[in-house]
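Listed below in structure tokens is the structure:
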């Protein structure tokens, strides 16, 4: 039986008119993605066209006619091989000219083994560098990638283009590696995109162009300014920074009345129709439980809003019986996230609570959920989604560590160090065993990579490298590569969590106050 196709309005139509029927919606996209010729749906939408879109669509219609509009999988494979070049055809070889073998921050790392590791991580920037070919600029209709003039450092693996919020931690690491020119080029790319499109897409593909990610452009620019003192760069681009900020206020806010007062809340939001092109098959299949097209479209919008949050996916968005439990089809992000993103006592409360469970497990008697040697898990719910237990993510460790340390409280600062120690040692052990850095890690063991979600765990990895460099720079005088943990020793002093005014309560309030501006991009 031939499949009916569904529309995916992923593109800013006035910018990507000619290619939207190839990479964003339509029968061609549906036919190829549902044939399951690639294990990862993203592979197809990253491929280059061999002919212009109109010719490709004519050839596709002829192909469908000759196969009675019901081609076999082998016939689809043959059509794709004749019509598209492999994913990755848009890049040329490039090594950053500002890369240096001996970055100054190495001197902050006392432990010999960790210092050697830092040097190896520094070398990985060369392998994660990408420069888009001039052919993309000259023939944009043949590609799904969004052209940017300057080279970028990408996350790695399937993530072969820039990603918005990943770039914050990549930039932080690059600045420690003294690669300020590379960082400036990446920032110029982002600013040029904002200037043209009004916002920064989720990633550097046209199928990401109807959603963004946590807005961290201003914090990235602040990091660059602190390292370079390039005040002219700020003067030249402040109007574009304001343009992106206003995009969020204009397109992502709702007014909520509480009592006699009205509040403006910011939310992640996407109302484009159809499955995500890069996860088309997965979205289409999971939506089959819904009866009407309206229910399916609402579900697709929820998926894309979750993807915009960066947490794709997590029980954080599940709403079965008003709890963070259930499954992916039981989520109402558009209805709940406007509250979640800016409420001081709710935002990241889960993450902070997880830290307490992990780090005070002996005193609290929390069992196996407290025996995490590999970091702070994203949640304590084991749903099978990648932003849930037992996965521990680099950006979440960073936010936790730096917010606690910035509190100025001695207890919180020591807690920040001890979280860092666990994280660094686990990452180091994994690297020694696999010669790789991973997108996410297993919180339950020291030296295990993460799992779950829509795709296999990815190697590289941009934000992981950046976070480790930050921690080695910050705590390098104390950290060691020793692979021993005193499992039975509480990492922090007894913690009062009875609701009274306690050290923890004071620190929690301050941590939340620090975290919220970071994630909504208002620092600086």
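Numbering (my numbering), first residue to last: 34 to 557. For every residue, glycine included, the Cβ atom is placed at its ideal position computed from N, Cα and C.
Candidates the options, of which the one nearest residue i by Cα
i	options	result
residue 432	508, 255, 414, 452	452
residue 340	312, 317, 323, 330	312
residue 268	279, 280, 255	255
residue 165	151, 175, 129, 123	123
residue 246	455, 199, 216	199
residue 513	177, 430, 148	148
residue 306	317, 114, 423	317
residue 131	179, 106, 209, 108	209
residue 151	135, 60, 82, 290	135
residue 498	487, 469, 490, 476	469
residue 423	474, 460, 434	474
residue 238	140, 490, 191	191
residue 9	289, 304, 434	What the structure shows of the chain is the stretch from 34 to 557, and residue 9 is not part of that stretch, so it cannot be assessed.
residue 408	443, 416, 442, 449	449
residue 472	464, 458, 490, 459	490
Inter-residue CB distance, residue i and residue j (contact presumed, cutoff 8 Å)
i	j	result
residue 207	residue 186	6 Å
residue 169	residue 225	Actually they do not touch by this definition, with Cβ atoms about 14 Å apart.
residue 484	residue 412	Between residue 412 and residue 484 the Cβ distance is about 15 Å, and since that is not below 8 Å, they are no contact.
residue 405	residue 477	6 Å
residue 250	residue 277	6 Å
residue 82	residue 117	6 Å
residue 163	residue 188	In fact, because the Cβ distance is near 11 Å, the residues do not count as touching under 8 Å.
residue 203	residue 495	4 Å
residue 230	residue 310	Not quite, the Cβ-Cβ distance comes to about 18 Å (not below 8 Å), so this is no contact.
residue 141	residue 510	7 Å
Residue i versus residue j: straight-line alpha-carbon distance, rounded
i	j	result
residue 480	residue 462	5 Å
residue 50	residue 201	30 Å
residue 334	residue 121	29 Å
residue 54	residue 86	8 Å
residue 79	residue 174	13 Å
residue 438	residue 456	15 Å
residue 324	residue 285	29 Å
residue 273	residue 65	39 Å
residue 194	residue 236	7 Å
residue 428	residue 205	12 Å
residue 90	residue 97	10 Å
residue 212	residue 153	16 Å
residue 338	residue 302	5 Å
residue 56	residue 281	26 Å
residue 127	residue 215	12 Å
residue 314	residue 143	49 Å
residue 177	residue 445	46 Å
residue 264	residue 220	14 Å
Burial state of residue i, where buried means 16 or more other Cβ atoms lie within 10 Å
i	result
residue 320	buried
residue 102	exposed
residue 156	exposed
residue 262	exposed
residue 374	Low confidence applies here, because residue 374 scores a pLDDT of 40, under 50, leaving its location unreliable; read the following figure in that light. Under this definition residue 374 is a buried residue.
residue 418	buried
residue 145	exposed
residue 95	exposed
residue 291	exposed
residue 244	buried
residue 289	exposed
residue 391	Residue confidence is low: residue 391 scores 49 on pLDDT, short of 50, so the model does not pin down where it sits. Its coordinate-derived value is still stated next. It is buried - the Cβ of residue 391 has at least 16 other Cβ atoms within 10 Å.
residue 443	exposed
heavy atom of the ligand COA below 6 Å from residue i C-beta
i	result
residue 406	For the ligand COA, the structure offers nothing, since it holds no ligand at all.
**Asked** In chain order, which alpha helix (DSSP H) runs of at least 4 residues are fully inside the region 84 to 133?
**Response** 86 to 99, 106 to 116
**Item:** Inside the region 270 to 330 only - alpha helix (DSSP H) runs reaching at least 4 residues
**Value:** 313 to 319
**Request:** Starting from the N-terminal side, write out each stretch of the alpha helix (DSSP H) that is 4 residues or longer and does not extend beyond the region 125 to 188.
**Result:** 145 to 161, 167 to 171
**Request:** Can you check the region 411 to 450 for any alpha helix (DSSP H) of at least 4 residues that lies completely inside it and give the ranges in chain order?
**Result:** 427 to 439
**Asked** Can you give, in chain order, each stretch of the alpha helix (DSSP H) that sits fully within the region 184 to 213 and has at least 4 residues?
**Response** 199 to 209
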